[in-house]
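Novice: Structure in structure tokens, see below.
Residue numbers (the working numbering), protein chains in the order written: chain A, 1 to 165; chain B, 166 to 330.
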């Protein structure tokens, strides 16, 4: 855990701060196919760990039990926030952690609240983070994003980087 | 090609109409890892085919040559547009098609214009489309999105569906 590592994680946490919804991508059981769905980000820890609530009986929970490899895709045109995170996921059935992350809005899906026996957490530990962002004007950002994609170079008025965690 | 099929494709085209940037996910060469990057959508045809411009020498072009399996992730919080598309991709080196899809903004990445020998098109033919959208208010949408995700049911004030093309 050197200084670069800490800086990279800090950057990731900053980029994730405004993200409410992302696409969580898992591997389908018994196939090479992918499966993705929008998920509400419950929390990102200071070490980069991302937390989601899920039904323990959901297909995605079964998929994570089968293969821990997951990806998180964020592509927000409005905020020019583009992130592709690859990592390992596990299901966590820790009631203390659930209580810590609990938000009243979750009652809509867990009417029993924290007593719901089908509640579980998905904990994603990122291994690799690719990002494309910029604080410059939209037009320049679009230019730079595409430049970064197509040419694979850092773009001038934003940043394009690959964080290895 | 029955009526349902046509309706499904029409729905997909409608949902893609406002999308400028999506995350294009490919399989990394010689590994099971995924690779994703934001891409500008050049066009979606009436039959659901999605087109992108790329450098023929880019890693993603090599990845598509190795494995045609790709996914497109769209997760736009602001427009509440959530789409996960799985399909097959091929590289297309058809100058007539490039001319048809050409947009002056592309000059930034292809200064030689249509004469650039490293220009190629990525053609994605969707097989499966998952979507979560809604025309209702944001709060209700957030509720419904999560409900759809977690419980896997259709949500009341929006739509959650799986289109098999």
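For each residue, glycine too, the CB sits at the ideal point set by N, CA and C.
Should residue 68 of chain A and residue 90 of chain A be called a contact, given that it needs their Cβ atoms to be closer than 9 Å?
Specialist: Numbered from its first residue, the first chain carries residue 68 of chain A at position 68. Numbered from its first residue, the first chain carries residue 90 of chain A at position 90. Yes, the pair counts as a contact, with Cβ atoms nearer than the cut-off.
Novice: Need the endpoints of the alpha helix (DSSP H) that residue 277 of chain B sits in, please.
Specialist: As a first step, residue 277 of chain B must be located in the second chain, where it is residue number 112. Element bounds for residue 277 of chain B: n/a, residue is neither H nor E.
Novice: Beta-carbon within less than 7 Å of residue 239 of chain B's beta-carbon, same chain only, minus the 5 sequence neighbours each way: which residues are those?
Specialist: What you label residue 239 of chain B is simply residue 74 of the second chain in a count that begins at 1. Counting only Cβ-Cβ distances below 7 Å, and skipping sequence neighbours, we find 184, 187, 246, 247 and 248.
Novice: To the nearest angstrom, how far is it from the Cα of residue 59 of chain A to the Cα of residue 25 of chain A?
Specialist: Here residue 59 of chain A refers to the residue found at position 59 when the first chain is read from its first residue. Here residue 25 of chain A refers to the residue found at position 25 when the first chain is read from its first residue. Approximately 12 Å between the Cα atoms of the pair.
Novice: Can you look up residue 171 of chain B in the DSSP assignment and give me helix, strand or coil?
Specialist: Position 6 of the second chain, counted from the start, is the residue given in the question as residue 171 of chain B. Residue 171 of chain B falls in the helix class under three-state DSSP.
Novice: Would you mind telling me which residues of chain A sit closer than 7 Å to residue 239 of chain B, beta carbon to beta carbon, in chain order?
Specialist: Locating residue 239 of chain B in the second chain gives position 74, counting from the first residue. Those are 75, listed as they occur along chain A.
Novice: Can you name the start and end residues of the beta strand (DSSP E) that residue 97 of chain A belongs to?
Specialist: The residue you call residue 97 of chain A lines up with position 97 of the first chain. From DSSP, residue 97 of chain A is part of no beta strand (DSSP E) but of the alpha helix (DSSP H) over 95-101.
Novice: By the 9 Å beta-carbon criterion, what residues does the stretch 201-215 of chain B contribute toward chain A?
Specialist: Result list: 201, 202, 203, 204 and 205.
Novice: What residues are listed by DSSP as bridge partners for residue 240 of chain A?
Specialist: No information on residue 240 of chain A is available, as it lies outside the stretch 1 to 165 that chain A covers here.
Novice: If distances are taken between C-alpha atoms only, which option among A/88, A/122, A/86 and A/126 comes closest to residue 101 of chain A?
Specialist: Counted from its first residue, the first chain places residue 101 of chain A at position 101. Ranking the options by Cα distance to residue 101 of chain A, first place goes to A/122.
Novice: Please list the partners that residue 190 of chain B has in chain A, where partner means a Cβ-to-Cβ separation under 9 Å.
Specialist: As a first step, residue 190 of chain B must be located in the second chain, where it is residue number 25. Here the neighbours are 25, 34, 36, 71, 73 and 84.
Novice: My parser needs the beta strand (DSSP E) runs of 3 or more residues fully inside the stretch 24-57 of chain A; what are they?
Specialist: Whole beta strand (DSSP E) segments, 3+ residues: 34-40 and 50-55.
Novice: Output, in chain order, the set of chain A residues within a Cβ distance shorter than 7 Å of residue 297 of chain B.
Specialist: Against the second chain, residue 297 of chain B aligns to sequence position 132. The contacting residues are 38.
Novice: For residue 243 of chain B, would you say it is in contact with chain A, using Cβ-to-Cβ distances shorter than 9 Å as the test?
Specialist: Taking the first residue of the second chain as position 1, residue 243 of chain B is located at position 78. Yes, because at least one Cβ of chain A sits closer than 9 Å to the Cβ of residue 243 of chain B.
Novice: Look at the alpha carbon of residue 99 of chain A and the alpha carbon of residue 16 of chain A, and state the distance between them as a whole number of angstroms.
Specialist: Here residue 99 of chain A refers to the residue found at position 99 of the first chain. Here residue 16 of chain A refers to the residue found at position 16 of the first chain. Looking at the two C-alpha atoms, the distance is approximately 22 Å.
Novice: Of all the CB atoms in chain B, is at least one closer than 9 Å to the CB of residue 9 of chain A?
Specialist: Start at 1 with the first residue of the first chain, and residue 9 of chain A comes out as number 9. No, its Cβ sits nowhere closer than 9 Å to a Cβ of chain B.
Novice: Can you tell me where the beta strand (DSSP E) with residue 87 of chain A in it begins and where it stops?
Specialist: Taking the first residue of the first chain as 1, we reach residue 87 of chain A at position 87. Residue 87 of chain A -> beta strand (DSSP E) spans 81-92.
Novice: Between which two residues does the beta strand (DSSP E) harbouring residue 241 of chain B extend?
Specialist: Here residue 241 of chain B corresponds to residue number 76 of the second chain, with the count starting at 1. Its beta strand (DSSP E) spans residues 234-241.
Novice: So is residue 21 of chain A in contact with chain B if we call contact Cβ pairs under 9 Å?
Specialist: Position 21 of the first chain, counting from 1, holds the residue named residue 21 of chain A. Chain B, which has a Cβ nearer than 9 Å to the Cβ of residue 21 of chain A, makes this yes.
Novice: Nearest CA to the CA of residue 95 of chain A: which residue from A/49, A/38, A/40 and A/53?
Specialist: Mapped onto the first chain, residue 95 of chain A falls at position 95. If we check each option's Cα against that of residue 95 of chain A, A/53 comes out closest.
Novice: Can you name, in chain order, every residue of its own chain whose Cβ lies under 6 Å from the Cβ of residue 71 of chain A, other than the five neighbours on each side?
Specialist: Within the first chain, the letter at position 71 stands for residue 71 of chain A. Excluding residues within five positions, the ones whose Cβ falls inside 6 Å are 25 and 86.
Novice: When you compare only the Cα positions, how much space is there between residue 221 of chain B and residue 36 of chain A?
Specialist: As a first step, residue 221 of chain B is located in the second chain; it is residue number 56 there, counting from the start. As a first step, residue 36 of chain A is located in the first chain; it is residue number 36 there, counting from the start. Using only the alpha carbons, I get a separation of about 28 Å.
Novice: DSSP state of residue 291 of chain B, grouped into three classes?
Specialist: By one-based count along the second chain, residue 291 of chain B stands at place 126. In this structure, residue 291 of chain B counts as strand in the three-state DSSP scheme.
Novice: Assuming residue 227 of chain B contacts residue 194 of chain B (C-beta within less than 8 Å), just tell me the rounded distance between them.
Specialist: Here residue 227 of chain B is taken as the residue at index 62 of the second chain, counted from 1. Here residue 194 of chain B is taken as the residue at index 29 of the second chain, counted from 1. Yes, residue 227 of chain B and residue 194 of chain B are in contact; Cβ-Cβ is about 6 Å, under 8 Å.
Novice: Does DSSP put residue 21 of chain A in a helix, in a strand, or in coil?
Specialist: Residue 21 of chain A sits at position 21 when you count from the first residue of the first chain. DSSP places residue 21 of chain A in strand when its eight states are reduced to three.
Novice: Please report the distance separating the alpha-carbon of residue 230 of chain B from that of residue 178 of chain B.
Specialist: Indexing the second chain from 1 puts residue 230 of chain B at position 65. Indexing the second chain from 1 puts residue 178 of chain B at position 13. The straight-line gap from Cα to Cα measures roughly 26 Å.
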